[in-house]
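J.:
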Amino acid sequence: MGAMLAAAISVAGLQGALSPAFGAAEPRSVVSLNLCADELVLRLAAPGQVKSVTWLARDSRASTVAAQARDIPVNHGLAEEIVPLSPDLVIAGVYTTRMAIAFLERLGIPVMDLGVPATLEAVRAQIRQVAEALGQQVAGEAMIADLDLALADDGTAGGGERPTALVLRPNGLTAGRGSLVDTLLTRAGLVNLAAELQPDGFGRLALEEIVAAQPDILILNADPDAPPSMARSLLEHPALAGLKESATVVTVPTRLWTCAGPQLADAMTILKSAAEQARHATGNPRRAP
Amino acid sequence: MTSRVAATRLRAADIPYPLLVGALGALSAILFLVSLVVGYVPLDPVAAVSDIIAGRDSVGALVMVELRLPRALLGLMVGFSLGATGAALQGLLRNPLADPGVIGVSGAAALGAVIAFYSGLAGFLSIGLALGGLAGAGLATALLLLLARQGAGTTALILSGVAIGSLAGALTALALNLSPSPYAVMEVVFWLMGSLADRSLDHVLLAAPLMAVGWILLLGAGRALDGLSLGEETARSLGFDVMRLRLRIVVASAFAIGSAVAVAGAIGFVGLVVPHVLRPLVGHQPGPLVLVSGLGGAVLTLAADILVRVLPTHPELKLGVVTAIIGAPFLFSLLWRMRREMD
Amino acid sequence: MKIEALDVSVRAGGRTILEPVSLTIDRPGLVGLIGPNGAGKSTLMRVLAGLHPPDTGAVRYDGLTVDRIGRDVLGRRLAYLAQSGRLHWPLKVERVVALGRLPHRERPGPAADCDRAAIEAAMRATHISALRNRPASTLSGGERMRVLLARALAVDADVLLADEPIAALDPYHQLEVLDLLGDLAARGKTVVVVLHDLSLAYRYCDRLILMSGGRMLADDAPGAVLTDANLEQTYRVFAHRVRLAGEEHIVPWVRLGTVAPDEADQTGGTRPWKRT
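Residue numbers (our numbering), protein chains in the order written: chain L, 14 to 302; chain P, 38 to 380; chain V, 38 to 313.
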């Protein structure tokens with residue numbers, strides 16, 4: 014144990030001497046400890062620059078970069094896996110793997126924390142931040158430009174009505190005001206009912222409220238082939254059966270609208286087509302433009 | 038049950054038994070109706086009921102039939118199961134601390150259901166999940182009777198309960214650790230707190246027959262439990278088969294608690310508090326206490342479930358949290374009173 | 038009801054508690070079961086009551102085994118008063134006594150009146166009617182014993198097996214209970230009672246069964262059982278025989294047998310005649 018720790022510290026010491034400060038030069042070995050970070054680094058980094066991503070990145074149910082991650086070694090967020098890679102940049106999520114990050118920071122390894130973006134502005138900022146840290150500013154700006162282009166048309170330009178929508182996540186959770194999903198819904202020309210029913214960002218809605226709200230569009234935020242969970246079984250509740258028939262039901266996998274990245278455009282495409290479908294289906298959306 | 042009615046004629050109770058049963062029954066009926074009216078969206082109950090009768094598919098009818106009715110029914114059924122099982126276990130072990138939660142039966146039922154669910158053996162709304170709960174509760178009760186046999190002294194009982202409870206907790210953690218679902222830990226932690234929110238009529242249909250088996254077995258054990266208040270030998274000399282009584286209550290607890298936990302999670306302390314409060318009203322007689330505690334359990338559970346919906350917390354408090362807040366002081370006061378026996 | 042035990046024996050933990058015993062209790066009367074501590078009296082009582090299956094032999098009730106006659110039927114015909122009468126809930130006295138009616142209440146219906154009569158009679162007989170509304174947990178040891186006896190009486194069975202019913206009672210209540218049991222016997226019931234008081238056993242019982250070390254040593258009329266030789270062999274005591282009001286009574290007086298020399302000096306234990 015002592016010997017191992019000593020070895021780890023000497024590696025870290027060496028690393029500390031050689032590694033440049035953040036963004037000063039292009040880091041040569043980047044490790045990601047968070048799925049959102051995986052997606053950005055795998056898209057932005059130069060070949061060979063990424064030494065390790067999380068094991069989740071290879072799971073096509075959760076990740077949009079499963080193909081790119083296939084040849085990259087994976088980690089499980091454990092410090093022991095990271096130290097031998099001698100990374101000169103570690104990118105992590107603010108809320109995950111805190112013990113490993115505290116250890117890496119003690120060893121002097123530069124760590125960059127990524128927050129959870131709630132607005133498109135924050136999405137752009139995060140892409141920019143990661144791109145700069147990787148020394149890939151050009152790729153970053155290109156990604157932002159593509160995303161802006163895809164999101165530019167906010168769906169209300171055509172003067173269409175704004176159908177109401179409700180996002181239903183496992184366990185009755187929904188996407189309230191101020192969340193990234195709320196931003197996307199508004200951009201897609203939809204009215205996010207959850208934001209009206211509930212003031213806080215993420216909350217749980219009683220099925221009663223969902224049934225009574227009678228949304229035009231029911232957006233199921235669930236991954237169809239996920240392992241069994243009680244949370245998901247709530248979506249099978251018979252009280253929702255009628256709503257599933259009368260409303261336009263679409264499924265948006267979690268991986269499309271949780272992290273900053275170009276996949277947000279795919280989520281937007283689904284939402285926009287759902288909005289269009291709802292306008293035609295009901296002919297009489299409950300909300301005026 | 039008829040024999041119990043006859044038995045009551047012999048007892049000059051302070052509150053006549055039929056009156057007590059009637060009052061508790063009426064109270065649970067009232068709370069059942071209140072439970073139908075209380076909810077998260079304003080709803081005209083009269084309009085909703087007339088929609089239901091007329092077969093109109095209104096939102097009110099939907100909310101009433103698909104959401105509030107199952108919730109109220111489950112409150113009634115789960116509460117009755119918890120109260121009656123608590124009273125019967127206390128009568129069998131002749132110890133007022135025997136509660137399905139305190140002695141680890143609920144935890145074991147949860148373990149059984151968790152294993153059945155996350156191993157993919159059972160869907161959430163399936164007989165498999167309930168059977169998992171049944172198996173867990175049955176094993177735990179049998180193990181408890183094995184550990185705390187005969188005298189069922191308080192120390193032996195509590196130690197057995199702690200052992201079973203922590204074993205069930207550890208194995209549940211193991212099952213969650215091995216579960217492939219990312220939601221597993223959070224949802225089971227919440228599930229273990231107990232809730233009746235957003236249940237469906239399917240849950241009611243799943244639990245009702247199983248619980249009914251448990252109730253029939255429990256209510257039929259009243260005479261033998263009365264006899265047991267003079268100890269096992271005397272009970273046997275009065276013509277009761279104590280071994281069969283034990284088996285009967287193990288099976289009954291498994292059915293009642295296993296299915297209650299499968300549909301509502303672990304709602305603690307109801308089986309402890311209710312018999313404790315109602316026991317003096319039946320003159321401390323364990324037999325009549327079973328039915329009375331069942332009704333009392335329904336009253337407490339329905340009331341607690343109404344309370345969580347009326348309180349301005351959002352998301353609502355878990356039912357088990359509320360019953361625990363009510364129940365924990367009772368447990369302490371009971372232990373305080375029994376401390377001499379513990380020494 | 039005729040109770041026959043044929044070669045019944047009980048072993049527990051590799052030790053023989055009851056050597057093969059055969060006895061028949063077939064006529065009304067007060068039968069005393071006596072013997073020193075650990076003689077196997079309680080075990081024999083429980084075997085006779087059908088509560089402990091013997092390892093060998095069998096007990097028959099009117100020729101039938103427990104299983105054949107049915108435990109519920111036996112519950113109505115044979116009442117058993119346990120030695121450690123523990124009461125687990127603070128029931129009122131009247132309700133404790135009412136528990137004796139449980140075997141009769143399998144079916145609902147007009148039984149209630151005769152139940153009530155039996156309960157009242159049992160409470161009157163044991164003089165506890167005044168205690169009827171007291172929680173049994175608040176009674177003194179003696180009162181409690183009488184309540185439990187009343188519970189056994191309320192069964193109104195042909196046979197009553199009572200394990201040390203007077204051990205916790207004062208002389209007044211000891212005599213009261215034995216008078217009561219004697220009355221029952223005179224009215225045609227069979228009463229088997231474990232006793233430690235040899236004077237009272239001698240005086241009240243019609244028949245005595247003497248046990249020692251798991252063996253039955255004698256089964257006869259009291260005078261034939263409580264001989265000097267039997268008393269010395271089993272109890273290791275010497276008893277005086279005194280004549281009072283025209284009847285003979287026996288009074289255990291001194292210990293006999295091996296005692297330490299210094300103790301013998303103080304008590305004169307080996308020389309019973311010295312103190313007469």
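All C-beta atoms in this analysis are idealised placements derived from N, C-alpha and C, irrespective of residue type, glycine included.
Model, not experiment: these values are computed from the prediction.
In angstroms, rounded to a whole number, what distance separates the CA positions of residue 230 of chain P and residue 80 of chain V?
T.: Taking the second sequence and counting its residues from 1, the one referred to as residue 230 of chain P is at position 193. Taking the third sequence and counting its residues from 1, the one referred to as residue 80 of chain V is at position 43. Going from the Cα of residue 230 of chain P to the Cα of residue 80 of chain V covers about 50 Å.
J.: Counting only beta-carbon separations shorter than 8 Å, does residue 251 of chain L have a partner in chain P?
T.: The count along the first sequence starts at 1 and reaches residue 251 of chain L at position 238. It does: the Cβ of residue 251 of chain L has a partner Cβ on chain P nearer than 8 Å.
J.: For residue 98 of chain V, go through chain P and note every residue whose CB falls closer than 9 Å to its CB, in chain order.
T.: Looking up residue 98 of chain V in the third sequence gives position 61. Those do not exist, as residue 98 of chain V stays about 13 Å from chain P at its closest Cβ, beyond 9 Å.
J.: Please identify the residue among P:193, P:60 and P:96 whose C-alpha is closest to the C-alpha of residue 224 of chain L.
T.: Within the first sequence, residue 224 of chain L is the residue found at index 211, counting from 1. Nearest C-alpha to residue 224 of chain L: P:96.
J.: May I have a chain-ordered list of the alpha helix (DSSP H) segments no shorter than 4 residues that lie completely inside the region 109 to 159 of chain L?
T.: Runs found: 111 to 119 and 133 to 147.
J.: Give the list of continuous alpha helix (DSSP H) stretches no shorter than 4 residues that lie fully inside the region 54 to 94 of chain V.
T.: Those alpha helix (DSSP H) runs which fall completely within the region 54 to 94 of chain V and span 4+ residues are 78 to 85.
J.: With 8 Å as the limit, tell me which residues of the region 123 to 134 of chain V have their beta carbon closer than that to any beta carbon of chain P; keep them in chain order.
T.: Within the region 123 to 134 of chain V, the qualifying residues are 123, 124, 125, 126, 127, 128, 129, 131, 132 and 133.
J.: Assuming residue 66 of chain V contacts residue 243 of chain V under a Cβ cut-off of 8 Å, what Cβ separation, rounded to an integer in Å, is found between them?
T.: Counting from 1 along the third sequence, the entry for residue 66 of chain V is found at position 29. Counting from 1 along the third sequence, the entry for residue 243 of chain V is found at position 206. So it is a contact: roughly 4 Å between Cβ atoms.
J.: Going by Cα to Cα distance, which pick from V:268, V:294 and V:119 is closest to residue 287 of chain V?
T.: Mapped onto the third sequence, residue 287 of chain V falls at position 250. Of the listed residues, the one whose Cα sits closest to residue 287 of chain V is V:268.
J.: Where are the alpha helix (DSSP H) runs, 4 residues long or more, that stay fully inside the region 90 to 135 of chain V, in chain order?
T.: 103 to 106, 108 to 114 and 130 to 135, all fully within the region 90 to 135 of chain V.
J.: Any heavy atom of the ligand GTP inside 7 Å of the beta-carbon of residue 148 of chain P?
T.: This structure lacks the ligand GTP, and indeed carries no ligand of any kind.
J.: Taking the runs of the beta strand (DSSP E) that are 3 residues or longer, which of them lie wholly in the region 258 to 286 of chain L?
T.: Runs of the beta strand (DSSP E) inside the region 258 to 286 of chain L: 261 to 264.
J.: Which same chain residues, not among the five before or five after residue 8 of chain L, have their C-beta less than 7 Å away from its C-beta?
T.: Here chain L has residues from 14 to 302 only, and residue 8 of chain L is not among them.
J.: Specify the secondary structure class of residue 304 of chain P as computed by DSSP and reduced to three states.
T.: Residue 304 of chain P sits at position 267 when you count from the first residue of the second sequence. Looking at residue 304 of chain P - three-state DSSP - the assignment turns out to be coil, as it is neither helix nor strand.
J.: Given this structure, state the Cα-to-Cα distance separating residue 288 of chain L from residue 194 of chain L, to the nearest angstrom.
T.: Along the first sequence, read from residue 1 onward, the residue named residue 288 of chain L stands at position 275. Along the first sequence, read from residue 1 onward, the residue named residue 194 of chain L stands at position 181. Computed Cα separation, rounded: 15 Å.
J.: Show which residues of chain P have a CB atom less than 8 Å away from the CB atom of residue 77 of chain V.
T.: Taking the third sequence and counting its residues from 1, the one referred to as residue 77 of chain V is at position 40. What residue 77 of chain V touches in chain P: nothing, since even the nearest Cβ is about 16 Å away.
J.: Classify residue 291 of chain V: buried if its beta carbon has 16 or more other beta carbons within 10 angstroms, exposed otherwise.
T.: Here residue 291 of chain V refers to the residue found at position 254 when the third sequence is read from its first residue. Counting Cβ neighbours within 10 Å, residue 291 of chain V comes out buried, since at least 16 surround it.
J.: Identify every residue that forms a DSSP beta bridge with residue 106 of chain L.
T.: Your numbering for residue 106 of chain L matches position 93 in the first sequence. According to DSSP, residue 106 of chain L bridges with L:127.
J.: Examine the Cβ distances between the region 76 to 90 of chain V and the region 224 to 232 of chain V and report whether three or more of them are shorter than 8 Å.
T.: The region 76 to 90 of chain V is in contact with the region 224 to 232 of chain V.
J.: Are the beta-carbon atoms belonging to residue 140 of chain P and residue 89 of chain P less than 8 Å from one another?
T.: If you number the second sequence from 1, residue 140 of chain P lands on position 103. If you number the second sequence from 1, residue 89 of chain P lands on position 52. In this structure, residue 89 of chain P does not lie closer than 8 Å to residue 140 of chain P by Cβ.
J.: Going by other Cβ atoms of all chains shown within 10 Å of its Cβ, with 16 needed for buried, is residue 65 of chain L buried or exposed?
T.: If you number the first sequence from 1, residue 65 of chain L lands on position 52. Flag for residue 65 of chain L reads buried.
J.: Name the residue from L:226, L:161, L:190 and L:256 whose alpha carbon lies nearest to the alpha carbon of residue 281 of chain L.
T.: Within the first sequence, numbered from 1, the residue matching residue 281 of chain L stands at position 268. With distances taken between Cα atoms, residue 281 of chain L lies closest to L:161.
J.: List the endpoints of the continuous beta strand (DSSP E) containing residue 286 of chain V.
T.: Taking the third sequence and counting its residues from 1, the one referred to as residue 286 of chain V is at position 249. Residues 284 to 292.
J.: Could you tell me whether the Cβ atoms of residue 236 of chain P and residue 300 of chain P are closer together than 8 Å?
T.: Locating residue 236 of chain P in the second sequence gives position 199, where the first residue counts as 1. Locating residue 300 of chain P in the second sequence gives position 263, where the first residue counts as 1. In this structure, residue 300 of chain P lies closer than 8 Å to residue 236 of chain P by Cβ.
J.: Helix, strand or coil, according to DSSP, for residue 230 of chain P in the structure here?
T.: Taking the second sequence and counting its residues from 1, the one referred to as residue 230 of chain P is at position 193. In this structure, residue 230 of chain P counts as coil in the three-state DSSP scheme.
J.: Taking only three categories from DSSP, how would you classify residue 42 of chain V?
T.: For the purposes of this step, residue 42 of chain V is taken as the residue at position 5 of the third sequence. Three-state DSSP puts residue 42 of chain V in a strand.
J.: According to DSSP, which residues form a beta bridge with residue 230 of chain L?
T.: As a position in the first sequence, residue 230 of chain L is number 217, starting the count at 1. Residue 230 of chain L pairs with L:178 and L:261.
J.: I'd like to know if the region 303 to 312 of chain P and the region 328 to 336 of chain P are in contact, where contact means that at least 3 CB-CB pairs between them fall below 8 Å.
T.: These segments touch.
J.: At a CB-CB cut-off below 9 Å, which residues of chain V make contact with residue 273 of chain P?
T.: Mapped onto the second sequence, residue 273 of chain P falls at position 236. Ordered by position in chain V, the residues that pass the 9 Å Cβ test against residue 273 of chain P are 86, 87, 88, 108, 112 and 117.
J.: Does the separation of the CB atoms of residue 226 of chain L and residue 179 of chain L fall below 8 Å?
T.: As a working note, residue 226 of chain L is residue 213 in the first sequence. As a working note, residue 179 of chain L is residue 166 in the first sequence. Their beta carbons are under 8 Å apart, which means residue 226 of chain L touches residue 179 of chain L by this criterion.
J.: If you draw a straight line from the alpha carbon of residue 82 of chain P to that of residue 240 of chain P, how long is it in whole angstroms?
T.: Locating residue 82 of chain P in the second sequence gives position 45, where the first residue counts as 1. Locating residue 240 of chain P in the second sequence gives position 203, where the first residue counts as 1. Each residue's Cα considered, the two are about 23 Å apart.
J.: From which residue to which residue does the alpha helix (DSSP H) around residue 210 of chain V run?
T.: The residue labelled residue 210 of chain V in the question sits at position 173 within the third sequence. Counting along the chain, the alpha helix (DSSP H) containing residue 210 of chain V begins and ends at 208 to 223.
J.: Which class does residue 36 of chain L belong to by DSSP, given the choice of helix, strand or coil?
T.: Taking the first residue of the first sequence as 1, we reach residue 36 of chain L at position 23. Only weak support exists for where residue 36 of chain L lies, its pLDDT of 45 falling under 50; the value from the coordinates is given anyway. Here residue 36 of chain L sits in coil by DSSP.
J.: Assuming residue 40 of chain V and residue 54 of chain V make a contact with CB atoms under 8 Å, what is their CB distance in whole Å?
T.: Counting from 1 along the third sequence, the entry for residue 40 of chain V is found at position 3. Counting from 1 along the third sequence, the entry for residue 54 of chain V is found at position 17. 20 Å between Cβ atoms; not a contact.
J.: Is there at least one Cβ from chain V nearer than 8 Å to residue 107 of chain P's Cβ?
T.: Position 70 of the second sequence, counting from 1, holds the residue named residue 107 of chain P. False, the Cβ-Cβ gap to chain V never drops below 8 Å.
J.: Give me the residue from P:119, P:121 and P:72 with the minimum Cα distance to residue 101 of chain P.
T.: For the purposes of this step, residue 101 of chain P is identified with residue 64 of the second sequence, where counting begins at 1. Comparing Cα-Cα distances from residue 101 of chain P to each of P:119, P:121 and P:72, the minimum goes to P:72.
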